[in-house]
Each structure stands twice: as C-alpha cells, then as structure tokens.
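Quick notes on the structure that follows.
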Amino acid sequence: MSTTIEDEENPPFQNSKFFGLFKNPDPGFTQTGISMFTNFVLTNMFVYGVTGRAKLAYLLSMVSIPCSVVLSVRDSQKDYEKWKEMRLLRLKGVPERKFPTTDHLELPCQMAPPHPRDPSTAANYEQVTVSHYALKWKVDFEKKNINGDVEIVLNVKQDTDKIILDSRDLNIQGVTLSKDGEEKKTGFVLEDNQALGQKLVVSTDLLKSGDKAVLNIKYETSNNAAAIQFLTAEQTTDRVAPYLFSQCQAINARSIVPCMDTPSLD
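The structure is reproduced here in structure tokens:
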C-alpha cells in the first residue's frame, strides 16, 4: 500500500486496499468499523455504538488484521499533517474526510493468534494437506450405496509416517500409495472416533516435508450413509426414474468418501 492520496475527490477505487476507521456524519464516534478489501465496497467487521475512546480501542483490538502499525490521529490539522508524514499507516485512495477526529487515539493492530485445531476431524492436516480429490464411483440404486475409489493428491508439510483421514461406516477394501512414480500397497486400520465416525489410519514409509504423494483408496459406502439420500421413482416429481442427492454439511462428507473432512484445509 502507498501513502499517496492521489485524488481526494475521485480516489482510485480499483485494486486498492484500505485499512482504517470511518464514522457517520454525526459528531463523535457513533459508528465505527474496520474493512480490508480490494474494491472499496465497505464491509464492516464490527459496527457498534461507541461513546468513549477506551471502548473504541478495546473493540478494535478484537479485530484481527495482519498489520503492525499504530494509528495516531489528533484534532488539529497540523498534527494530522505530521501523522501523514510519519507514514505510520499506509493508505491509498482514501479521502481525508474518511478519518475520524478526536483529541488523541492510538490503536495498535496485531496479528491474529493461531487457529485452534478443528475438533471435528481426526485428520493430521498439520502434517499433510490435500490438493485434489478424484472420484470414480458406481451408484447402485438397488443396494442404495456407492462403490468405487478415490485418488487423493497429498502435499507433505511435516515429516510423518502416517496419513489420517475421516471416515464413517465405509467399507475400506484396499489402499495404495504412489510416490516418485512407484505405487505400493500399504497397511491401514480403522479406529473408532466415537460420534465423529472412524479414523482411517494409513501407515506409510517416512514422508518428508516437501514430498508429494498420491493415495488411492478402494471402498464402498453403507446403505445408510448420512450424506446421501436415495429416492424411488415414485418419490420424484415426474415419477420416471430414481434420484440421488447429497448433503455433506456439517461433517457428513466422510460418510461417502474417506477425506480430511475439515474447512481448515481451505
């Protein structure tokens, strides 16, 4: 971001980033917010009625914006100009009237703390991540299940000798791991994970940070998989053919494919 305010009346909105405070036309801080965006469509992360500077500072300290600057704004034009010259906060394309005025306001912005581990998954996504899933399925409307295989492209972040995936009532028939063009059968075990289904633990040779590998799993779903619903032809609108639909939220994807069933990989 740049300190240059190129045009006060017609700021260059496109491809700009903005971090700052804004208020409504009434005197004092009656509405505040922080936005981080690329097209100047204001999206408030916090909107509160604010009556005191301390309360405002507290609210803004709760906002996790990746920056390490201190904003100090004063009433006087002289101090405001000095603030701009110090370049403590870099802005581009933001009219001066966007800044609040107060006797003294210092707002430190800090990095967000690390996200806690997702409790709804058993996957070891801290060590291994997934870049692609490729599915080959055969849908059996009579048995009301799906059988086939899934190819999972893996990126190793930390050294590990196992891959842990989420599963629920899946019949795992075989697992192979391909690395450096060589495919090998590998051992696996399904462990109970209480209300979260089962953990599919795949044993591997040591995978080192930076390695890429492809896991292929042949499996079959149960006939009561939580993520899918089979309808007979009579249950559909035109009554011509049976129908299948899926609903994988919140943690039901694991009932139709062994996977790292967590948004932490997004």
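Residue numbering for the sequence shown is 1 to 266, as defined by the UniProt record's numbering.
Don't be surprised by glycine CBs; every beta carbon is placed ideally from N, CA and C.
Taking 6 Å as the limit between beta carbons, can you name the residues of its chain near residue i, skipping five residues before and five after?
{"i": "Thr229", "result": "In the sequence under discussion, the amino acid at residue 229 is Gln, which differs from the Thr named in the question. So the list reads Phe245, once near-sequence residues are dropped."}
{"i": "Ala226", "result": "Asn252 and Ser255"}
{"i": "Glu183", "result": "Thr176"}
{"i": "Cys248", "result": "Ala227"}
Which of helix, strand or coil does DSSP assign to residue i?
{"i": "Gln247", "result": "coil"}
{"i": "Leu190", "result": "strand"}
{"i": "Asp7", "result": "Note on Asp7: pLDDT 34, under 50, position unreliable in the model; the coordinate value appears next. It is coil, neither helix nor strand."}
{"i": "Lys195", "result": "Note that residue 195 corresponds to Ala in the displayed sequence, not to Lys. Helix."}
{"i": "Ala253", "result": "helix"}
Residue i: which of the options sits nearest, CA to CA?
{"i": "Gln158", "options": "Leu165, His132, Ser209 and Arg239", "result": "Ser209"}
{"i": "Lys179", "options": "Leu215, His132 and Asp238", "result": "Leu215"}
{"i": "Glu121", "options": "Lys218, Leu196 and Lys212", "result": "Contrary to the premise, residue 121 reads as Thr rather than Glu in this sequence. Taking only the C-alpha atoms, the option nearest Thr121 is Leu196."}
{"i": "Gly148", "options": "Glu220, Gln247, Gly174 and Arg239", "result": "Glu220"}
{"i": "Gly187", "options": "Arg117, Thr204, Thr262 and Pro263", "result": "Thr204"}
{"i": "Arg168", "options": "Asp161, Lys162, Gln194 and Glu151", "result": "Gln194"}
{"i": "Gly174", "options": "Lys138, Leu206 and Val150", "result": "Val150"}
{"i": "Ile217", "options": "Ala250, Asn171, Asp261 and Lys162", "result": "Asn171"}
Cutting at 7 Å between CB atoms, please list the residues of its own chain near residue i, excluding the five before and the five after it.
{"i": "Pro119", "result": "none"}
{"i": "Glu191", "result": "Gln198, Lys199 and Val201"}
{"i": "Cys259", "result": "Tyr133, Leu165, Asp166 and Ala253"}
{"i": "Ser131", "result": "Val153 and Asn155"}
{"i": "Asn223", "result": "Lys143, Lys144 and Asn145"}
{"i": "residue 292", "result": "Absent from the model: residue 292. The displayed extent of the chain is 1 to 266, so no value can be given."}
Can you tell me where the beta strand (DSSP E) with residue i in it begins and where it stops?
{"i": "Leu165", "result": "Thr160 to Ser167"}
{"i": "Asn145", "result": "Asn145 to Val156"}
{"i": "Ile172", "result": "Asn171 to Lys179"}
{"i": "Lys212", "result": "Lys212 to Glu220"}
{"i": "Phe141", "result": "Counting along the chain, Phe141 falls outside any beta strand (DSSP E), and DSSP gives it neither H nor E."}
{"i": "Glu126", "result": "From DSSP, Glu126 is part of no beta strand (DSSP E); its letter is neither H nor E."}
{"i": "Gln229", "result": "Ile228 to Leu231"}
{"i": "Lys208", "result": "That residue, Lys208, is in no beta strand (DSSP E); it is neither H nor E in DSSP."}
{"i": "Glu183", "result": "Glu182 to Lys185"}
Taking 7 Å as the cut-off, is the C-beta of residue i nearer than that to any heavy atom in the ligand HEM?
{"i": "Ala134", "result": "As for the ligand HEM, it is missing from this structure, which has no ligand bound."}
Who are the Cβ neighbours of residue i in its own chain at under 8 Å, not counting the five residues just before and after it?
{"i": "Lys212", "result": "Val153, Leu154, Asn155, Val156 and Lys179"}
Under 8 Å, with one C-beta from each stretch per pair, do the region 140–153 and the region 115–127 reach the 3-pair mark? no
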